[in-house]
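Chemist:
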Amino acid sequence: MLKPDKFFTPSGYIYNELFKTTDLVWEAIAQISPVIKKLISPNLSQIRREGSLVLEDTLLENGAMIRAGAYLDGDEIEIGEGALIEPSAYVKGPTIIGKNSVVRHSAYIRGNVILGKNSVAGHSTEIKNSALLEESKAGHFAYIGDSILGAVNLGAGTKLANLKLTGEEVRVKVAGKIYKTGLRKFGAIMGDGVQTGCNSVTMPGTILAQNAAVYPNLTARGYYPAGTIIKLRQNIEEMELNL
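Next comes the structure, spelled out in structure tokens:
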């Protein structure tokens, strides 16, 4: 139920390295940094010699495009074939940007980030210590911290909270059993096919199995099995305005 292959398509070198020694899916969060260090092939040395701020559009040998105004913080950054870094995006290493992925205007990649191929870090989206696997889309105003996402689609304004107000270890309850994760910071696990509506929030340690869906303006917490739809019902009252 909680093994990685129950959440993600088991393919690609990043998947193989990230989950090689894990039994419970969230254990891979602690592997993000060492996996990046093992796999990364930095390819921005020429650009970085001219400063962190990219002053003119730059086409890499692999066809990746870095637009003028992007900021590259650190040498440990790999930009994959055909990827696009838009103006005013901030990318901090160590980070791997996969093939044909897009880091949009004003996105903030804070380091220890894997953005798998054909994925999107959208406008004003912030990502830290997280792995977004292939075909993962966070298109608008998202916060993703200490999380692992498969081929998901996050609605605008989705926030994955990663720290309890008390600062305590995050625990996960699944099928009546409570698991101690050993993690103080743990955002969410989202399997392939998961969708979230606009302005939805997940509490620390939320786990959404494949094809689960979170409706807009809703706060989700805990574990949700594959195919679950999480809805919020509210009563809307109309009144006359006496002027």
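Going by this note's numbering, the sequence shown opens with residue 168, and the numbers climb by one from there. By construction, the Cβ of each residue, glycine as well, lies at the ideal position given by its N, Cα and C atoms. Treat the numbers as computed from the prediction; the structure is a model and nothing was measured.
Quick check: does the Cβ of Glu223 come within less than 7 angstroms of any heavy atom belonging to the ligand ZN?
Modeler: No copy of the ligand ZN appears in this structure; indeed no ligand is present at all.
Chemist: Determine, for Arg338, whether the minimum Cβ-Cβ distance to residues of chain D falls below 8 angstroms.
Modeler: The structure shown contains no chain D; it holds only a single protein chain.
Chemist: With a threshold of 8 angstroms, are at least 3 pairs of Cβ atoms found where one atom belongs to the stretch 307-315 and the other to the stretch 347-358?
Modeler: Contact between the stretch 307-315 and the stretch 347-358 is present, because at least three Cβ pairs lie under 8 angstroms.
Chemist: Should Lys344 go down as buried or exposed, given a rule of 16 or more other Cβ atoms within 10 Å for buried?
Modeler: Per the 10 Å Cβ criterion, exposed.
Chemist: Counting Cβ pairs, one atom from each stretch, are 3 or more of them under 8 angstroms apart for the stretch 355-371 and the stretch 213-224?
Modeler: Judged by Cβ distances under 8 angstroms, the stretch 355-371 makes no contact with the stretch 213-224, as fewer than three pairs qualify.
Chemist: What are the start and end residues of the alpha helix (DSSP H) that includes Ile214?
Modeler: From DSSP, the alpha helix (DSSP H) with Ile214 extends over 212-216.
Chemist: Could you check how far apart the C-beta atoms of Gly260 and Glu243 are, in whole angstroms? I think they sit under 8 angstroms.
Modeler: That belief holds up - the Cβ atoms of Gly260 and Glu243 are roughly 4 angstroms apart, short of 8 angstroms.
Chemist: Quick one: complete beta strand (DSSP E) runs, 3+ long, within the stretch 196-266?
Modeler: Complete beta strand (DSSP E) runs here, min 3: 238-240, 244-246, 257-259, 262-264.
Chemist: Between Leu300 and Ala318, is the Cβ-Cβ spacing less than 8 angstroms?
Modeler: Yes. Within cutoff.
Chemist: In whole angstroms, what is the alpha-carbon distance linking Leu330 and Val337?
Modeler: Approximately 8 angstroms between the Cα atoms of the pair.
Chemist: Can you tell me which of the three DSSP states Glu301 falls into?
Modeler: Glu301 falls in the coil class under three-state DSSP.
Chemist: Could you check where the alpha helix (DSSP H) with Tyr346 kicks off and where it finishes?
Modeler: First-last for Tyr346: 344-347, but that is the beta strand (DSSP E), not the alpha helix (DSSP H).
Chemist: I need the DSSP call for Asn384, collapsed to helix, strand or coil.
Modeler: Reduced to three states, the DSSP call for Asn384 is coil.
Chemist: By DSSP, does Glu293 sit in helix, in strand, or in coil?
Modeler: Residue state, collapsed to three classes: strand.
Chemist: Inspect the CB distances between the stretch 196-210 and the stretch 255-271 and report whether three or more fall short of 8 angstroms.
Modeler: Judged by Cβ distances under 8 angstroms, the stretch 196-210 makes contact with the stretch 255-271, as three or more pairs qualify.
Chemist: Closest to Gln401 by C-alpha separation, out of Asn384, Gly394, Leu408, would be which residue?
Modeler: Out of Asn384, Gly394, Leu408, Asn384 has the C-alpha closest to the C-alpha of Gln401.
Chemist: DSSP state of Ile181, grouped into three classes?
Modeler: Reduced to three states, the DSSP call for Ile181 is helix.
Chemist: How far does the beta strand (DSSP E) with Arg338 in it extend, from its first residue to its last?
Modeler: Its beta strand (DSSP E) spans residues 338-341.
Chemist: Considering only DSSP beta bridges, list what Val287 is partnered with.
Modeler: According to DSSP, Val287 bridges with Val269, Lys304.
Chemist: Just to confirm before moving on: does the CB-CB distance between Ile413 and Ala195 stay below 8 angstroms?
Modeler: The question about residue 413 has no answer here: the residues shown for the chain are numbered 168 through 410.
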